[in-house]
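Residue numbers (the UniProt record's numbering): 1 to 381. Every residue, glycine too, gets a C-beta built ideally from N, C-alpha and C. Read the structure below first, then the notes.
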DNA sequence: GGGTATGATTATCG
DNA sequence: CGATAATCATACCC
């Protein structure tokens, strides 16, 4: 590295002074009396201190619009731009605040200074290095990734959808027959979420790379004045990426939340309650009223009913539970319904037996539990 | 929009 | 564990 050699040559004249002279009024005065080079060094150091106090934006704002754009803005080469030679800024050092950066850059002592900075850097960077080289993969983000993948949000376009549908079907509780509508709806919403997720992700990635480029350019630009190793730029980029990946994690998190909400909305039957279809309630009612004396279907009967109605066994149980309690609570209200189903079953029975012109009284094998429907015109028994 | 119907859930009991 | 009673939350209808 040729910085190294430069550093050595620079150090011969600078090493001791650089450390001893800053901030010591006496020594400054001494130097001033000593002659031009020492005074220059003091000035340069002060300028450096001033510049480091300045924010980047300030410095940029101050320096860009000034009259030496060719030098600052023009060339892109990272480090060779400004320190061409010692004789460049031969004349009186312009102490104008506005121009100090430029002046500093052109100063003949600059290479030496640069070398000093290199040396200091060398030490500090070495001590910094290794502090946070490898960050372990965040378990949180892995969890989110896994979920998004499982949910089909972050996976490939089409396969993901079917995977999610399968998951939904599995979670729905084993009645894949009548929930296709829900599934397509669910799928559509999921696809929407996925689309938003991907577009956001893309935006973030774009912003990240833009910002990274910006910072890299800045650093390269700065590297003319102060030593910045590629390693350091790399580190900075890594830091930026970490920041952006934490934003990404937020995106993933909120996407996960959205999926969870979607799932709960579609799979939590209580929230998205749908009435059973007409045929199903008919079947259930038929059974109920034809077993009014003992409206407690056995497990097998429940399974049969569930199959016939395209619902689950527990739904059948729920239905009968609700029906019993509501019937009992207000028999009058169910009178009409009861009669209707009684007639229906009677008709069915008649049809089946292919017998008897006269419809006999409703076939309600009454033997206990619930009162049979009797034909009181309105209401209570 | 409000009232009712209805499927699901919860607490309690035996 | 199943039944019941009360309750919740939504669907549905006017």
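- By the 16-neighbour rule on beta-carbons within 10 angstroms, residue 325 is exposed.
- For the pair residue 342 and residue 289, the CB atoms are nearer than the 8 Å cut-off.
- It is roughly 41 Å from the alpha-carbon of residue 295 to the alpha-carbon of residue 189.
- The alpha-carbon of residue 315 is positioned some 20 Å away from that of residue 328.
- Taking all protein chains shown into account, residue 279 has fewer than 16 neighbouring C-beta atoms within 10 Å of its C-beta and is therefore exposed.
- Cβ neighbours of residue 251 within its own chain (closer than 8 Å, five residues either side excluded): 197, 200, 201 and 204.
- In terms of Cβ geometry, residue 344 and residue 286 form a close pair [threshold 8 Å].
- Between the alpha carbons of residue 220 and residue 140 lies a distance of about 35 Å.
- Taking the C-beta atoms as reference points, residue 149 is found no nearer than 8 Å to residue 255.
- In this structure residue 214 is exposed. Its beta-carbon is surrounded by fewer than 16 other beta-carbon atoms within 10 angstroms.
- With contacts defined by Cβ atoms closer than 8 Å, residue 297 and residue 334 do not form a contacting pair.
- The beta-carbon separation of residue 313 and residue 300, rounded to 10 Å, does not stay under the 8 Å limit for a contact.
- In the three-state reduction of the DSSP assignment, residue 214 falls in the helix class.
- According to the DSSP assignment, residue 138 belongs to no alpha helix (DSSP H), since it is labelled neither H nor E.
- Counted as a single uninterrupted DSSP element, the alpha helix (DSSP H) harbouring residue 321 occupies residues 313 to 329.
- The criterion of a C-beta distance shorter than 8 Å is not satisfied by residue 239 and residue 208.
- Residue 322 and residue 310 have their C-alpha atoms roughly 18 Å apart.
- In terms of Cβ geometry, residue 259 and residue 122 do not form a close pair [threshold 8 Å].
- By a beta-carbon distance limit of 8 Å, residue 305 contacts residue 284. Their separation comes to about 6 Å.
- Following the DSSP letters along the chain, one finds residue 153 in no alpha helix (DSSP H), marked with neither H nor E.
- For residue 254, the three-state secondary structure derived from DSSP is helix.
- Residue state for residue 334 is assigned as helix, using DSSP reduced to three classes.
- In the DSSP assignment, residue 285 falls within the alpha helix (DSSP H) that extends over 278 to 290.
- The three-state reading of DSSP puts residue 293 in coil, since its state is none of H, G, I, E or B.
- Residue environment: residue 192 is assigned as exposed (fewer than 16 neighbouring CB atoms within 10 Å of its CB, all protein chains considered).
- Shown here for residue 249: same chain residues with a beta carbon closer than 8 Å to its own, the five before and five after excluded, namely 138, 140, 141 and 144 in chain order.
- Taking C-beta separations shorter than 7 Å and ignoring five residues to either side along the sequence, the partners of residue 212 in its chain run 237 and 240, following chain order.
- By the neighbour-count criterion, in which a residue is buried when 16 or more other Cβ atoms sit within 10 angstroms of its Cβ, residue 110 is buried.
- The criterion of a C-beta distance shorter than 8 Å is not satisfied by residue 216 and residue 228.
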